[in-house]
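Notes for the one structure printed next.
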Amino acid sequence: MLNKLYEQGNDLHVANYMAYGKTADHKLYADAAFKKTVTEAEIKDAFQKGRLIIVEGANYLLPVAFGTTGVVTVTAGETVKTQAWAASATA
Numbered sequence: 013m014l015n016k017l018y019e020q021g022n023d024l025h026v027a028n029y030m031a032y033g034k035t036a037d038h039k040l041y042a043d044a045a046f047k048k049t050v051t052e053a054e055i056k057d058a059f060q061k062g063r064l065i066i067v068e069g070a071n072y073l074l075p076v077a078f079g080t081t082g083v084v085t086v087t088a089g090e091t092v093k094t095q096a097w098a099a100s101a102t103a
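Position in the sequence shown (from 1) plus 12 gives the number in our numbering.
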């Protein structure tokens, strides 16, 4: 049987969690002004629930992996680019 990951009360009516990627430091923040930090636990929780969207400028990215370096996104264009995004705060 598969391991189950249950929604929590704070997930009620939440469609997605948006994190903002700062290209200068490749870290994720909770706001577009890069003032509110997020922890690795917050990123991991949203990723595991399939609800994490990363905003980088005008781009909306879906993470494809989570590991020790954070979450990884892939951007397709003339060349395929991967980017690891780390938490902006420690827990």
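Even for Gly, the Cβ is constructed at its ideal location relative to N, Cα and C.
Count the other CB atoms within 10 Å of the CB of residue i; is the residue buried (16 or more) or exposed (fewer)?
i            : result
lysine 39    : buried
valine 76    : exposed
alanine 53   : exposed
leucine 114  : Given a span of 13 to 103 for the chain in the structure shown, any question on residue 114 remains unanswerable.
threonine 85 : buried
valine 83    : buried
alanine 58   : buried
valine 92    : exposed
valine 50    : buried
How many Å lie between residue i and residue j at the Cα?
i                : j             : result
alanine 70       : alanine 31    : 13 Å
phenylalanine 46 : asparagine 15 : 35 Å
threonine 81     : tryptophan 97 : 7 Å
alanine 36       : glutamine 60  : 26 Å
methionine 13    : glycine 21    : 24 Å
asparagine 28    : arginine 63   : 4 Å
threonine 94     : alanine 88    : 9 Å
Would you grab the beta carbon distance between residue i and residue j for me? Rounded to a whole angstrom, and I think it's under 8 Å.
i             : j          : result
isoleucine 65 : alanine 99 : Between alanine 99 and isoleucine 65 the Cβ distance is about 16 Å, and since that is not below 8 Å, they are no contact.
alanine 42    : lysine 48  : 4 Å
If I follow the unbroken beta strand (DSSP E) through residue i, where does it start and stop?
i         : result
lysine 34 : 29-34
Write down every uninterrupted run of the beta strand (DSSP E) in the segment 38-92 whose length is 3 residues or greater and which is fully enclosed by it, in chain order. 39-41, 64-68, 71-73, 75-79 and 82-87
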